[in-house]
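Colleague:
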Amino acid sequence: MSRQLKTGHIRGLTLLETLLALVLLSLLIVGLLGLLGSLLVSSTKSSDSSAGVYLAQYELEQAASGGTPPAPEGGLQTFDRERFNHELEQAVIFHVALDWTRLGDIPRYTPTHAPSESREFQFGARLYHVKATVWWMVENPEDGRAEGGGKRTVTLERIVKVSAR
Amino acid sequence: MTRRRFQYGFTFVEAMATLLVFGFFLGVLFLTVHWGFRAFSLSVARSDVTTEARRISLFIEQELRGSSYFSVGSKSRTIFGERRDAICFVSRNDWSAPGSYNLTKGSPNWNRYFLYYSTTDRPTGSFVRLSIDPAKASSTSSFETGPFPFSGFSANPDAYLKQGPPFTFPSEVETARVLASSIKLFEVKKEPVSQNVDLRLLLRQNGVMARRANGVREGGTFELKYLVHPENTL
Numbered sequence: 001m002s003r004q005l006k007t008g009h010i011r012g013l014t015l016l017e018t019l020l021a022l023v024l025l026s027l028l029i030v031g032l033l034g035l036l037g038s039l040l041v042s043s044t045k046s047s048d049s050s051a052g053v054y055l056a057q058y059e060l061e062q063a064a065s066g067g068t069p070p071a072p073e074g075g076l077q078t079f080d081r082e083r084f085n086h087e088l089e090q091a092v093i094f095h096v097a098l099d100w101t102r103l104g105d106i107p108r109y110t111p112t113h114a115p116s117e118s119r120e121f122q123f124g125a126r127l128y129h130v131k132a133t134v135w136w137m138v139e140n141p142e143d144g145r146a147e148g149g150g151k152r153t154v155t156l157e158r159i160v161k162v163s164a165r
Numbered sequence: 001m002t003r004r005r006f007q008y009g010f011t012f013v014e015a016m017a018t019l020l021v022f023g024f025f026l027g028v029l030f031l032t033v034h035w036g037f038r039a040f041s042l043s044v045a046r047s048d049v050t051t052e053a054r055r056i057s058l059f060i061e062q063e064l065r066g067s068s069y070f071s072v073g074s075k076s077r078t079i080f081g082e083r084r085d086a087i088c089f090v091s092r093n094d095w096s097a098p099g100s101y102n103l104t105k106g107s108p109n110w111n112r113y114f115l116y117y118s119t120t121d122r123p124t125g126s127f128v129r130l131s132i133d134p135a136k137a138s139s140t141s142s143f144e145t146g147p148f149p150f151s152g153f154s155a156n157p158d159a160y161l162k163q164g165p166p167f168t169f170p171s172e173v174e175t176a177r178v179l180a181s182s183i184k185l186f187e188v189k190k191e192p193v194s195q196n197v198d199l200r201l202l203l204r205q206n207g208v209m210a211r212r213a214n215g216v217r218e219g220g221t222f223e224l225k226y227l228v229h230p231e232n233t234l
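Line by line, the protein sequences are chains A and B. Quick note, the first sequence lines up with residues 1 to 165 if you use our numbering. Quick note, the second sequence lines up with residues 1 to 234 if you use our numbering.
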C-alpha cells in the first residue's frame, strides 16, 4: 500500500510497518493451525474413550462367563490391560477395577399370586452386581501439553450370575 | 536551473535485516504448517480407524450374539506372521419378521449364514461381510440351515474367502459388503468350555504426512477385543 505525499512522491512501507504486518500474519496462521493440534488431542481422547468402553464391556463379559468374585460376599479386583490404540509399537495401559457386590442369597422365593408356594429363584442363589471401572492417563502425543489431559474414566455396570462350583 | 530527482532505495543493512526477518518468518511458518498438517493427518487416521472399529462391532457383535455356538465355523490364516482369520455362523436376515422363532423347536428359524473375513492384502486388508442364503443353491446342492457349521464353508472355505474387489462369489452369496479397509489382524478363538467366541481385531491406517524423524510412519491404530456368547446356543 502506498501513500501520496504532498510533494508528489510515493512513499513505501517502512521496515517497522512491514515487520508489524508479518507478525500479525504469523499470529493469525499460528492461531489457526493451533486448532489442528486441538483436533489431534480430541481424536486421541475419543479413540481412548472408545477403547475404554470396549475394554469395560470385555471385562464384564468375562465376569459373566466364568468369572468369580474375590470373596463370596464380593470385593474388588484390580489389574491392568494393554490395548494398541495409538501406535503399533506402544500400547496404552488401561487400569481395570471390578467391584463385585453380592445382591443377596435368595435361592427360593414366594410369588405374590401364590403365597403358599415356595419357588426356586430362576437366576440362582449367587447373583452379583459388578461395576467395571476402566481408567487411563491421557498424555499429549506431542509433548504432554494436552488440554483436558490427566485421568479419564469409563464405568459400566451389570448383573452377573455366578455358577456354584 | 534543473530539478534533481533523488531515488532512494534500501541500504545494504536494511535489505539484510528485511531478508533475515522474512527468512525467520518463513521458517516459523513452514514448521507450523508442517506440524499442523501432520496433526490433521494423524487425527484423520485415528478417527477413521475408530469409526471402522465401531462399524465392525455394530455388525459382528449383534449378529454373533443372536447365533448359536454350535454353528460357528472358523478358518485360521496367517499372512507374514499376522492372523487374518474368517468366521462363519448361522443367523437370520430379519429378526423382526413374525415367523422368526420356532416355538415348537424353541429356537430361531435360521435362514442365513454370515461370513466375516479379512482379505490378505498388505499392509492392511479389507474386512468383508457375506450374507449367504443356502436356499439359493438348494437346486444344485443340499445346503440346510441349522445350528451347525455351514457345510459349504467347511468343505471349501477358499471358495468364499476372495480377495477383491471385484469379488466373484458362489451363487448362494446374497450380499457382500466391505466394512473396513484397515485390518492388520483378525483373530478368532472358540472357547468350547464357556461356549464363547473370542475375537481380536487390530486396525491400522498410516497418516498421509505423518512421519517421525527416524522415518517411522505415524497414524491411527485401534485394537478391538470381543468376547461374545451366542445367546441361541441350545
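All C-beta atoms, glycine included, are put in the ideal place defined by N, C-alpha and C. The structure presented is a predicted model; accordingly, all values stated were derived computationally and were not measured.
For B:Cys88 and B:Arg212, what's the separation of their Cα atoms in angstroms?
Modeller: Translated into positions along the second sequence, residue 88 of chain B becomes position 88. Translated into positions along the second sequence, residue 212 of chain B becomes position 212. For B:Cys88 and B:Arg212, the distance between alpha carbons rounds to 40 Å.
Colleague: Among the residues of its own chain, which have a CB less than 8 Å from the CB of B:Phe22, if the five just before and after it don't count?
Modeller: For this step, residue 22 of chain B is matched to residue 22 along the second sequence. Nothing listed; no residue qualifies.
Colleague: Taking 8 Å as the threshold (C-beta atoms), are B:Ala45 and B:Gly220 in contact?
Modeller: Sequence index remark: in the second sequence, residue 220 of chain B carries index 220 (1-based). Sequence index remark: in the second sequence, residue 45 of chain B carries index 45 (1-based). Yes, these two residues count as a Cβ contact at 8 Å.
Colleague: Based on the DSSP secondary-structure assignment, which residues constitute the bridge partners of A:Met137?
Modeller: Working through the first sequence from its first residue, we reach residue 137 of chain A at position 137. A:Lys151, per the DSSP bridge assignment.
Colleague: Pull up the CB-CB distance for A:Arg83 and A:Leu55, whole angstroms please, since I reckon it's below 8 Å.
Modeller: As a first step, residue 83 of chain A is located in the first sequence; it is residue number 83 there, counting from the start. As a first step, residue 55 of chain A is located in the first sequence; it is residue number 55 there, counting from the start. The Cβ separation is near 6 Å, so the contact holds.
Colleague: Less than 8 Å between the beta carbons of B:Arg129 and B:Phe25, yes or no?
Modeller: Counted from its first residue, the second sequence places residue 129 of chain B at position 129. Counted from its first residue, the second sequence places residue 25 of chain B at position 25. Against a cut-off of 8 Å, the Cβ pair of B:Phe25 and B:Arg129 comes out as no contact.
Colleague: Would B:Asn196 and B:Leu227 qualify as a contact pair, given that the criterion is a beta-carbon distance under 8 Å?
Modeller: One-based indexing of the second sequence puts residue 196 of chain B at position 196. One-based indexing of the second sequence puts residue 227 of chain B at position 227. Yes, these two residues count as a Cβ contact at 8 Å.
Colleague: Using a Cβ-Cβ distance cut-off of 8 Å, determine whether A:Leu19 contacts chain B.
Modeller: One-based indexing of the first sequence puts residue 19 of chain A at position 19. Answer yes: the Cβ-Cβ gap between A:Leu19 and chain B drops below 8 Å somewhere.
Colleague: Among the residues of its own chain, which have a CB less than 7 Å from the CB of B:Trp115, if the five just before and after it don't count?
Modeller: Residue 115 of chain B sits at position 115 when you count from the first residue of the second sequence. Checking the sequence, you will find Leu at residue 115 of chain B rather than Trp. Ala86, Cys88, Leu130, Ile132, Phe153, Tyr160, listed in sequence order.
Colleague: Put B:Arg204 into one of helix, strand or coil per three-state DSSP.
Modeller: Residue 204 of chain B sits at position 204 when you count from the first residue of the second sequence. B:Arg204 falls in the strand class under three-state DSSP.
Colleague: Do you know how far the Cα of A:Asn85 is from the Cα of A:Ala91?
Modeller: Locating residue 91 of chain A in the first sequence gives position 91, counting from the first residue. Locating residue 85 of chain A in the first sequence gives position 85, counting from the first residue. Their backbone Cα atoms lie some 7 Å apart in a straight line.
Colleague: Going along the chain, which residues of its own chain have a beta-carbon closer than 8 Å to the beta-carbon of A:Leu103, five neighbours each way excluded?
Modeller: Within the first sequence, the letter at position 103 stands for residue 103 of chain A. Cβ neighbours of A:Leu103 beyond the five flanking positions: Leu127, Tyr128, His129, Ile159.
Colleague: Kindly indicate if chain B contains any beta-carbon less than 8 Å away from that of A:Gly66.
Modeller: What you label residue 66 of chain A is simply residue 66 of the first sequence in a count that begins at 1. Yes, because at least one Cβ of chain B sits closer than 8 Å to the Cβ of A:Gly66.
Colleague: In the DSSP assignment, find the unbroken beta strand (DSSP E) run with B:Ala176 in it and report its ends.
Modeller: The residue labelled residue 176 of chain B in the question sits at position 176 within the second sequence. That run of the beta strand (DSSP E) goes 173-191.
Colleague: From which residue to which residue does the beta strand (DSSP E) around B:Ser43 run?
Modeller: Locating residue 43 of chain B in the second sequence gives position 43, counting from the first residue. It is not in any beta strand (DSSP E) - B:Ser43 instead sits in the alpha helix (DSSP H) that spans 12-65.
Colleague: What does the Cβ neighbour count give for B:Ile56, buried or exposed, with the cut at 16 atoms within 10 Å?
Modeller: Along the second sequence, read from residue 1 onward, the residue named residue 56 of chain B stands at position 56. That one is buried.
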